[in-house]
Amino acid sequence: MLVLSRQRDESIYIGDDIILTIVDIRGDKVRLGIKAPNSVPVHREEVYEAIKKEAEAKEAMLTPQAKITA
Numbered sequence: 054m055l056v057l058s059r060q061r062d063e064s065i066y067i068g069d070d071i072i073l074t075i076v077d078i079r080g081d082k083v084r085l086g087i088k089a090p091n092s093v094p095v096h097r098e099e100v101y102e103a104i105k106k107e108a109e110a111k112e113a114m115l116t117p118q119a120k121i122t123a
């Protein structure tokens, strides 16, 4: 993992299309501004995990289960 230090109002570019900007720092919280193309999904970790879990559950319902016979 690349770790970078930035101060308020400083930015980080990811490729040519994504810009992360430090908007505010309050105590142990950092507010980020993110500019990205509409084609790039941006989610907080807990939202991403919920989306992933829901997609896996839907996939499991569509995938036929093999029968185990003894």
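Converting from the sequence shown to the working numbering requires adding 53 to each position, the first position being numbered 1. In this text, a Cβ means the ideal position worked out from N, Cα and C, and glycines have one as well. Please read all numbers here as calculations on a predicted model, not as lab measurements.
Taking just the CA atoms, how far does residue j sit from residue i?
| i | j | result |
| --- | --- | --- |
| GLN60 | ILE75 | 7 angstroms |
| MET114 | ASN91 | 30 angstroms |
| ALA110 | GLU99 | 17 angstroms |
| TYR101 | ASP77 | 23 angstroms |
| VAL56 | GLU112 | 35 angstroms |
| VAL83 | GLU107 | 29 angstroms |
| LYS88 | ASP62 | 14 angstroms |
Grab the span of the beta strand (DSSP E) containing residue i for me, first residue to last.
| i | result |
| --- | --- |
| VAL76 | 71-79 |
| LEU85 | 82-88 |
If you follow the alpha helix (DSSP H) that residue i is in, where does it begin and where does it stop?
| i | result |
| --- | --- |
| VAL95 | Run containing VAL95: none; DSSP gives neither H nor E here. |
Among all the DSSP beta bridges, which residues are the ones paired with residue i?
| i | result |
| --- | --- |
| ILE67 | ILE71 |
Taking 8 angstroms as the cut-off, does the stretch 57-73 touch the stretch 87-98 (at least 3 CB pairs, one atom from each stretch)? yes
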